[in-house]
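Notes to accompany the following structure.
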Amino acid sequence: MPKNKGKGGKNRRRGKNENESEKRELVFKEDGQEYAQVIKMLGNGRLEALCFDGVKRLCHIRGKLRKKVWINTSDIILVGLRDYQDNKADVILI
């Protein structure tokens, strides 16, 4: 049998991971934002996070981050608080 060289399927379209060592600048929270730690991934672009002010919130991952940036449990994220719903928030940055 011929040796599998890994060029079949979608492997030839994928690029190399060259941005592993790239550093990002630290973004500080503003008013209406809060740091949080991911407790549980719920699916459908949602997660449960414990904010640093002690409130457990249901967070929605916005479309820009949904497939490009992967979020795991125990990650620290920056969420935008909603004025009209205290128990829900939107993920701004990972």
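Residue numbers (full-length UniProt numbering): 1 to 94. Every residue gets a Cβ at the ideal spot worked out from N, C-alpha and C, and that includes glycine.
| Asked | Found |
| --- | --- |
| Given this structure, state the Cα-to-Cα distance separating Ile71 from Lys23, to the nearest angstrom. | 18 Å |
| Return helix, strand or coil for Leu65, following the three-state DSSP convention. | helix |
| May I ask you to report which of helix, strand or coil DSSP gives Ile92? | strand |
| Leaving aside the five residues before and after Ile76 along the sequence, list all residues of the same chain whose C-beta is less than 7 Å from its C-beta, in chain order. | Tyr35 and Gln37 |
| Thinking C-alpha only, which one of Ser74, Gly63 and Asp53 is nearest Gln33? | Asp53 |
| Would you tell me roughly how many angstroms separate the C-alpha atoms of Lys29 and Leu81, rounded to the nearest one? | 11 Å |
| For Val27 and Ile92, I'd like the C-alpha separation in whole angstroms. | 11 Å |
| Note the first and the last residue of the continuous beta strand (DSSP E) segment covering Glu25. | Segment: none, Glu25 is in no beta strand (DSSP E) and carries neither H nor E. |
| What does a CB cutoff of less than 7 Å around Leu58 pick up in its chain, not counting 5 residues either side in sequence? | Arg46, Glu48, Asn87 and Lys88 |
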